[in-house]
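Single-structure report; data block below.
Here's what the structure looks like:
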């Protein structure tokens with residue numbers, strides 16, 4: 369292709385997602401430029417966890433939408449993304465428990481399955497986990 373309406377630099381999760389979203393909207397001729405190969409940068413080196421634990425509501429909403437795409441990847445995008453639910457824990461010190469409580473409350477208002485776990489609950493979830501110095505944790509079983 370010698371011309372494009374839209375050029376996207378970077379073939380990681382953000383660049384490829386933007387290209388796919390634009391293509392589904394028939395936004396024009398889209399070219400994705402990547403200096404190495406797809407997912408060869410930070411995306412390929414990430415832990416690939418799809419979580420919804422963010423402190424800003426807009427990011428939490430976007431991540432929930434992304435989680436729904438991964439849950440239904442075959443129907444939405446086509447193919448197998450290899451998505452496997454592992455759950456997500458975010459542990460905080462005792463001084464940050466009130467902030468965590470507020471964050472989890474916000475998550476629940478936007479539809480995220482999130483729970484606050486006390487140290488004893490964490491031990492019940494994972495007996496090998498050391499809870500020394502832990503005030504509480506946010507638990508996302510759907511991530």
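Residue numbers (our numbering): 369 to 511.
Every residue, glycine too, gets a C-beta built ideally from N, C-alpha and C.
- In the DSSP annotation of this structure, the continuous segment of the alpha helix (DSSP H) that includes residue 425 starts and ends at 425-439.
- The segment 388-398 and the segment 447-456 do not touch, with fewer than three beta-carbon pairs separated by less than 8 Å.
- Counted as a single uninterrupted DSSP element, the alpha helix (DSSP H) harbouring residue 488 occupies residues 487-493.
- By the Cβ rule, the segment 497-511 counts as touching the segment 455-462, because three or more pairs are nearer than 8 Å.
- Around the beta-carbon of residue 421, 16 or more other beta-carbon atoms lie within 10 Å, marking it buried.
- If you draw a straight line from the Cα of residue 467 to the Cα of residue 473, it comes to about 10 Å.
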